[in-house]
Amino acid sequence: MPDANETANFAAELKRRFDELADWAIANSPDASLRKTDFEACRREIERLAERDLDAGQRNARLPEPSENGPQYVNMNPTPWP
């Protein structure tokens, strides 16, 4: 299992690589129509993935396997209120 330092390093590396990809896309856009703001929604999602639930694997590691009478499916997205 990754420790907190590995998790932080992963999050930083993921963000850095996304920023590099966005910069490359802006620089190489054939019609020069891309802007930094075009990537904001993606950047927010990347940050949520990198920071929010990197410990999901650790939580799931504590669950027993289905062969050990554990759940076959773990719902990570609760049902919204009606």
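Numbered according to our numbering, the sequence shown spans residues 32 to 113. Glycine included, C-beta positions come from ideal geometry on N, C-alpha and C.
Among the options, the one whose alpha carbon lies nearest that of residue i
i	options	result
TYR104	LEU94, SER60 and SER64	LEU94
ILE57	PRO102, ARG47 and PHE70	PHE70
GLU51	ARG74, GLU96 and TRP112	ARG74
As assigned by DSSP and simplified to three states, the class of residue i
i	result
TRP112	coil
ASP62	coil
PRO97	helix
Close Cβ partners of residue i (< 8 angstroms) along its chain, the five nearest in sequence each way excluded
i	result
LYS67	ALA53 and ILE57
Worksheet item: Do the stretch 57-76 and the stretch 33-40 touch if we need at least three Cβ pairs shorter than 8 angstroms?
Response: No: the two stretches stay apart, fewer than three of their Cβ pairs being nearer than 8 angstroms.
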